[in-house]
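Sequence order for the protein chains is A and B. Heads up, the first sequence stops at 966 in this note's numbering, and the numbers go up one at a time, no gaps. Heads up, the second sequence stops at 261 in this note's numbering, and the numbers go up one at a time, no gaps. Even for Gly, the Cβ is constructed at its ideal location relative to N, Cα and C. These numbers were taken from a predicted model, which means no experiment stands behind them. Reviewing the structure listed below.
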Amino acid sequence: MKCEKHQGKILETLAAGGVFSGELSTHCQACPACRSFYEQQASLFRSIDAGLRAMANHEAPPSFLPGVRGRFAELTVSRRAWVPRWSFSVALAVVVILGLSLGYVRLRPESRPNSLENVAASAGAMGNRELEPQPLIESSTASIRHHNGTRSRDLSPVPSTAAPEVIVLEEDRQAFAKFVARIPRERDVALALTQPAPSISDGSVEISLLQIESVEVKPLETALADGGAN
Amino acid sequence: MQELALIHQGEILERDAAREAERSRRDREFEARVVECGPLAFRVAQGVLRNAADAEDVAQEALLRAYRKFDRLRDVTRFRGWLVRISFRLALDRWRSARRRERRETEWSLPERRPAPPTAEEIAVSNQFQARLEQALDEMPEKFRIVLLLAAIQGYTLEEVAGMLGVPTGTVKSRLFLARKQLAEKLR
């Protein structure tokens, strides 16, 4: 027990790099086990110190300081030349942004003036040949172009490769073609389609019950025929 | 008006000359610091990386970083400690990434491509203790590692090491004591 205690002290003294106290020194001289322990541990610590010194005291190679000076020279040159490089980068960025924005404006669907005519033409081609749209009246197209809003964007033809295929019944197709053919002739319809939707105000809304006095039921075909006659 | 313009131009020239003089004074001062502390930065990096080429590169990088921020250093006497810390941190980063790469390559390499294990003779020939010491040092916490390295560099007292690390001398002593004890336990 006494030796264990002394060996612990030996370790601590060696790790701290200190000097042995009188009592410890006396014990080591008297006890062969502790003396042997001390010699082993002292040798270990000497090896550790020698190893660490070998690791930490490498001379810098002769190329070190010239290398540092070379890198400083590069840094100084690049620092002095930062203004032209910076201005070149900005000019390049401006050119790229301008190019992209111009390209975007050209490719935008609403920038195409004949979108409505295209719709009418394509719808006509889809439907019956007889229902091909008449050439557009100049006055109505002018107003349509003027009010070229969100709805006309929805009507612009989509490339067939990008759009999913939709199966439409023959009668629906014909009705749609007929409807589109009427657009240039009826100004109200055209305006309703091309004007942007009115903004919704947050005002209070009054809801009252719908009152229907009389209901007249007509067959659908008759109603369509009446509408066509009008 | 013309006189005013001339006076103004003269002021600008004077200001430019003063700025240039200040810059060259600073460069001279930094050059002196590089000559004084550059080798120390190299030793710290070498102590961590144990590869002269890598250590040279890291020490140069540390000096460049120090140069870029030299204006911000108010107390120039702290330059040495500052550089030592930059160098140690950069060296550790490089050492870690090298170790990660090494591990990845070992994991991905086919068994037949792996280097053959050293023979008994090779082990006997190589300095086994040094290898074990290096491995034990690599496993130590950073704060112990740098204290051991700096204390082992010749020519610096513990007070100077404490100054470099910006900690009290007592802290350096206690860290050194614990680090040496841990090393001895690992190598026993």
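Can you tell which of the options has its C-alpha closest to the C-alpha of residue i?
i	options	result
Phe103/B	Ile919/A, Gly744/A, Phe808/A, Glu748/A	Phe808/A
Val220/B	Gly154/B, Leu86/B, Thr150/B	Gly154/B
Ala790/A	Leu256/B, Leu222/B, Phe250/B	Leu222/B
Arg248/B	Leu137/B, Lys216/B, Arg96/B	Lys216/B
Phe202/B	Lys259/B, Arg101/B, Arg96/B	Lys259/B
Val149/B	Arg106/B, Val117/B, Arg174/B	Arg106/B
Val117/B	Ile159/B, Ile85/B, Ala257/B	Ile159/B
His742/A	Leu760/A, Val904/A, Ala751/A, Leu750/A	Leu760/A
Arg101/B	Arg805/A, Glu795/A, Ala796/A	Arg805/A
Phe152/B	Arg162/B, Ala90/B, Cys110/B	Cys110/B
Gln227/B	Glu795/A, Gly835/A, Thr930/A	Glu795/A
Gly120/B	Lys954/A, Gly787/A, Ala917/A	Gly787/A
Leu165/B	Gly236/B, Arg218/B, Lys246/B, Ala252/B	Arg218/B
Any beta carbon from chain B within less than 9 Å of residue i's own beta carbon?
i	result
Ala769/A	no
Ser757/A	no
Phe781/A	yes
Ala804/A	First, the amino acid is wrong: residue 804/A is Val here, not Ala. Val804/A counts as touching chain B.
Arg968/A	Residue 968/A lies beyond the residue range present for chain A, which begins at 737 and ends at 966; the question has no answer from this structure.
Arg842/A	no
Gln777/A	yes
Phe824/A	no
Leu788/A	yes
Leu747/A	yes
Leu801/A	yes
Glu795/A	yes
Gly753/A	yes
Output yes if chain A places a C-beta closer than 9 Å to the C-beta of residue i; else output no.
i	result
Pro241/B	no
Arg153/B	no
Val234/B	no
Lys216/B	no
Glu93/B	no
Gly83/B	no
Glu224/B	Reading off the sequence, residue 224/B comes out as Ala, not Glu. Output row for Ala224/B: interface = yes.
Arg261/B	yes
Ala257/B	yes
Val107/B	yes
Arg116/B	yes
Phe202/B	yes
Ala90/B	no
Ala125/B	yes
Gln208/B	no
Ala132/B	yes
Ala128/B	yes
Ala197/B	Caution is warranted here: a pLDDT of 47 is assigned to Ala197/B, below 50, making its placement in the model unreliable, and no coordinate value can be reported.
Just to check my reading of the structure: residue i and residue j have Cβ atoms closer than 8 Å, yes? What is that Cβ distance to the nearest angstrom?
i	j	result
Thr242/B	Glu232/B	5 Å
Leu801/A	Val108/B	7 Å
Ala135/B	Leu156/B	6 Å
Cys739/A	Cys770/A	5 Å
Met213/B	Ala257/B	Not really, about 12 Å apart at Cβ, beyond 8 Å.
### Query
Are the segment 137-154 of chain B and the segment 115-124 of chain B in contact at 8 Å, needing three or more beta carbon pairs?
no
### Query
Is there contact here, the segment 741-756 of chain A with the segment 769-783 of chain A, by at least three beta-carbon pairs under 8 Å?
yes
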